[in-house]
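Chains as they are written, first to last, in this note's numbering: chain X, 171 to 505; chain D, 26 to 267.
We put the beta carbon where it would ideally sit given N, CA and C, even for glycine.
Quick notes on the structure that follows.
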């Protein structure tokens, strides 16, 4: 199978100008400007195949949005190659964007002052969507995303959750083969998130639409994507299955113990106490160092216990730890 | 109301000027009617341009760049220049057009032009050329915001200043200003030289006769360069954070 997205040594460097102050500074700015070079995206390479749903994650300012903006043809790279759907996005922009969809969670692509229906009508004309395809998609998406209640509302009066659902619908009306979703769940409550995730899943599974999803919310990725790419400081640190990432770094487990009586220092050799509240103590231990059963055995030999619970570390914590401790650096993983 | 108000305010400007001029014997050999002729046509063309190209006006285009709304246009499968053109249409500029037209007609009433077929044809061609010319300047101004993100006031010298200077017979200006508006911003080919031909004025600048007829060429050339610069600017668009 041929990849739908092929990215080779893609680089984007921003010049951040330092302005001189004052009137003479303004004049000087015209001739002599100092700048810093920021390598927002630094020689990244990857391929994405038709039908995949890939989570593209990383901390703030890692280069996620810059990558997406180059892939959608908004930004022209400083260096490197991108071929998407057979096009170089920024060179053949007009043809290229006909077959892609994009949602930028931070801002709408709809017309601010127009009611939603008018926005959709305009999109139908702009993308010259055949009537039957438009109708079919429109009624289907309207139902899944529950757009009916605010169909006549101008976009500026929509709530964030409503707007995001409307934007998703708008990005998919023309049956694109590939969709870029940049933070589609940002700032949304649990219910709205769930609805949007279900819709994304539907599009990917039923329509076989390829989806590249960037997000802050790791639960988006863990619920939707098999494959993740982690970017930080403009470099891709990991590209593979989420499972294998968690197996490697998600070694921490928690053991929650309720003691029958108060012990001043219920210490264990292979686990350390992360929290303690009266008779309830939470231990953290590494799967590789000691098994849960051994640990429980040690505990019950020394102390009287009422209740026990073993928990895996939440994925969010694992990923945060990967970011913070920069665990993927100097690691042979990924690309 | 807006339209009429606009026209009246702008009209006063010309009326004040004409009172001043009536105290003298015209300016440098040009009568009030003759000045009204180029003033009117320039004002009219600028009004038309301002209506058609207002998407490129800094007031519309600057915020579009700074707020990253330009992204939205780039995502649509439609020519980007057309989208910016269509992004705003300001009917209010009708006032400037009306005012220009009135002054132009006033000029005609004062003049006894020896009309020929070529002259009759050349007047609308000249106006269209001026529209393109001013439009190019707007496009160039808008393009600079890809780098500066802010308004470059200095460019107003060429757009608004240009239209102002084109309203007068240009031989009255000192050489350095004339030089700028001949070689840097070739405004002189879009008002003074064509007017010399249509009004059959003697030209103290002693330019060859054909320069009276190159207005469409100059306008087309400037538009071509402006669009090249615009394309180059889009490649340097940096969008906004996240």
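Please state whether the Cβ-Cβ distance between residue i and residue j is less than 8 Å.
i	j	result
residue 164 of chain D	residue 252 of chain D	yes
residue 183 of chain D	residue 145 of chain D	no
residue 221 of chain X	residue 411 of chain X	no
residue 122 of chain D	residue 87 of chain D	no
residue 493 of chain X	residue 359 of chain X	no
residue 425 of chain X	residue 465 of chain X	yes
residue 237 of chain X	residue 270 of chain X	no
residue 576 of chain X	residue 428 of chain X	With chain X covering only 171 through 505, there is no way to say anything about residue 576 of chain X.
residue 229 of chain X	residue 240 of chain X	no
residue 489 of chain X	residue 388 of chain X	yes
Am I right that residue i and residue j are in contact with their C-beta atoms under 8 Å? What's the rounded C-beta distance?
i	j	result
residue 112 of chain D	residue 159 of chain D	Not quite, the Cβ-Cβ distance comes to about 18 Å (not below 8 Å), so this is no contact.
residue 233 of chain X	residue 211 of chain X	4 Å
residue 62 of chain D	residue 132 of chain D	4 Å
residue 442 of chain X	residue 483 of chain X	About 14 Å; that fails the 8 Å criterion.
residue 64 of chain D	residue 192 of chain D	4 Å
residue 317 of chain X	residue 335 of chain X	6 Å
residue 110 of chain D	residue 77 of chain D	7 Å
residue 152 of chain D	residue 90 of chain D	Wrong, their Cβ atoms sit about 31 Å apart, outside the cutoff.
residue 139 of chain D	residue 279 of chain X	With a Cβ gap of about 58 Å, residue 139 of chain D and residue 279 of chain X do not count as contacting.
residue 262 of chain D	residue 330 of chain X	That belief does not hold up - the Cβ atoms of residue 262 of chain D and residue 330 of chain X are roughly 26 Å apart, past 8 Å.
residue 338 of chain X	residue 304 of chain X	That belief does not hold up - the Cβ atoms of residue 338 of chain X and residue 304 of chain X are roughly 16 Å apart, past 8 Å.
If I measure Cβ to Cβ from residue i and keep anything under 7 Å in the same chain, skipping five residues before and after, which residues do I get?
i	result
residue 431 of chain X	474
residue 53 of chain D	194, 196 and 197
residue 326 of chain X	282 and 283
residue 471 of chain X	none
residue 285 of chain X	322, 323 and 324
According to DSSP, is residue i helix, strand or coil?
i	result
residue 298 of chain X	coil
residue 89 of chain D	helix
residue 147 of chain D	helix
residue 454 of chain X	strand
residue 423 of chain X	strand
residue 237 of chain D	helix
residue 187 of chain X	strand
residue 229 of chain X	coil
residue 362 of chain X	helix
residue 73 of chain D	helix
residue 179 of chain X	strand
residue 123 of chain D	helix
residue 172 of chain D	helix
residue 309 of chain X	helix
residue 204 of chain X	strand
residue 481 of chain X	strand
residue 504 of chain X	Low per-residue confidence applies at residue 504 of chain X: pLDDT is 42, beneath 50, and the placement is therefore not dependable, though the value from the model is reported in the following sentence. Of the three classes helix, strand and coil, the one that applies to residue 504 of chain X here is coil, per DSSP.
residue 55 of chain D	strand
residue 435 of chain X	coil
residue 259 of chain D	helix
residue 472 of chain X	helix
residue 210 of chain D	coil
residue 196 of chain D	helix
residue 224 of chain X	strand
residue 287 of chain X	helix
residue 278 of chain X	coil
residue 152 of chain D	helix
residue 159 of chain D	helix
residue 142 of chain D	helix
residue 219 of chain D	helix
residue 267 of chain D	With a pLDDT of only 49 at residue 267 of chain D, under 50, the local geometry of the prediction cannot be trusted, and the value read off the model is given with reservation. Coil, per DSSP.
residue 42 of chain D	helix
Within the same chain, show all residues whose beta-carbon is closer than 6 Å to that of residue i, passing over the 5 residues directly before and after it, in chain order.
i	result
residue 503 of chain X	Summary for residue 503 of chain X: the model assigns pLDDT 47, below 50, so the residue's position carries little reliability, and this model does not support an answer.
residue 249 of chain X	181
residue 356 of chain X	275
residue 505 of chain X	Reliability of the predicted coordinates at residue 505 of chain X is poor, the pLDDT of 41 falling under 50, and no value is obtained from them.
residue 203 of chain X	187
residue 39 of chain D	128
residue 218 of chain D	236 and 237
Would the C-beta of residue i count as close to the ligand MN, meaning under 7 Å from any of its heavy atoms?
i	result
residue 77 of chain D	With respect to small molecules bound, the structure shown includes none, and the ligand MN cannot be examined in it.
Is residue i close to chain B, meaning its C-beta is less than 8 Å from at least one C-beta of that chain?
i	result
residue 194 of chain X	Absent from the structure: chain B. Protein chains present are X and D.
Spatial neighbours of residue i within its chain, please: C-beta separation below 8 Å, excluding the five flanking residues on both sides.
i	result
residue 444 of chain X	424, 452, 453 and 454
residue 367 of chain X	355, 390, 393 and 394
residue 202 of chain D	190
> Would you say the segment 451-463 of chain X touches the segment 388-406 of chain X, given that touching needs at least three Cβ pairs under 8 Å?
Replying inline: As far as the Cβ criterion goes, the segment 451-463 of chain X does not touch the segment 388-406 of chain X, which means the pair count is below three.
> Between the segment 179-187 of chain X and the segment 255-272 of chain X, are three or more C-beta pairs nearer than 8 Å?
Replying inline: Contact between the segment 179-187 of chain X and the segment 255-272 of chain X is absent, because fewer than three Cβ pairs lie under 8 Å.
> Within the chosen definition, does the segment 229-244 of chain D reach the segment 196-214 of chain D through at least 3 CB pairs nearer than 8 Å?
Replying inline: These segments touch.
> Is the segment 218-225 of chain X close to the segment 76-83 of chain D, with three or more CB pairs under 8 Å?
Replying inline: As far as the Cβ criterion goes, the segment 218-225 of chain X does not touch the segment 76-83 of chain D, which means the pair count is below three.
>> Does the contact criterion of 3 or more C-beta pairs under 8 Å hold for the segment 343-352 of chain X versus the segment 369-387 of chain X?
In response: Short answer: they touch.
> Three or more C-beta pairs closer than 8 Å, one from the segment 92-112 of chain D and one from the segment 248-262 of chain D: is that the case here?
Replying inline: Flag = yes, the segment 92-112 of chain D and the segment 248-262 of chain D touch.
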